[in-house]
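Let me begin by presenting the structure, written as structure tokens, before commenting on it.
Written out as structure tokens, the structure is:
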């Protein structure tokens with residue numbers, strides 16, 4: 129009885145002899161090293177390289193519009209209930225369409241020359257009498273978009 133219990137607990141015989149597995153591994157290694165696989169790797173790497181070069185070339189050709197930058201607004205502020213002139217300076221703001229502020233009580237109009245034409249980068253600012261005291265943002269709208277903001281004080 130004891131021998132039959134041992135026979136039952138023994139593992140079943142292997143379905144495939146170990147030589148079959150060795151041969152299968154050899155076949156897989158041979159197929160990986162075949163000419164077709166080498167050609168596939170070569171063509172894949174070549175396509176990837178061409179894609180990278182073409183993509184880099186196309187990205188290098190992209191053209192970005194210059195961003196308008198408002199650097200200064202002088203004077204830096206004014207009193208509520210007054211009208212005064214300011215001069216602005218910056219990059220790519222020469223075609224500035226208008227000077228805007230973060231509070232609706234502060235408005236800007238182009239300063240005009242003797243012929244009635246607008247003077248570049250010069251504005252006449254009006255601060256409403258009921259405009260609260262504080263620091264507000266000023267920015268220029270151009271055909272390229274809105275510039276960065278600068279502080280403008282109402283005192």
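Residue numbers (our numbering): 129 to 283. Beta carbons: idealized from backbone N, C-alpha and C, even for Gly.
Open item on the list: Checking the sheet assignment: what are the DSSP bridge partners for residue 264?
Closed with: 280
Open item on the list: Our contact map puts residue 205 next to residue 252 with C-beta atoms below 8 Å; I'd like the distance itself, whole angstroms only.
Closed with: The Cβ separation is near 15 Å, so there is no contact.
Task: With 16 other Cβ atoms within 10 Å as the buried cut-off, status of residue 227 - done: buried
- [ ] Kindly indicate if chain B contains any beta-carbon less than 8 Å away from that of residue 193.
- [x] Note that chain B does not occur in the displayed structure, where there is just one protein chain.
TODO: Give the range of the beta strand (DSSP E) segment to which residue 218 is assigned.
DONE: 211-219
TODO: Would you tell me roughly how many angstroms separate the C-alpha atoms of residue 265 and residue 241, rounded to the nearest one?
DONE: 27 Å
Open item on the list: Are the CB atoms of residue 203 and residue 275 within a distance shorter than 8 Å?
Closed with: no
- [ ] Kindly indicate the opening and closing residues of the beta strand (DSSP E) around residue 228.
- [x] 226-229
Open item on the list: Only counting the same chain, and skipping five residues up and downstream in sequence, which positions put a Cβ closer than 8 Å to that of residue 247?
Closed with: 238, 239, 240, 241
TODO: For the beta strand (DSSP E) holding residue 238, just list the boundary residues, first then last.
DONE: 234-240
Task: Length of the line joining the Cα atoms of residue 210 and residue 272 - done: 31 Å
Task: For residue 244, three-class secondary structure by DSSP - done: coil
TODO: Could you have a look at residue 151 and say whether DSSP puts it in helix, strand or coil?
DONE: helix
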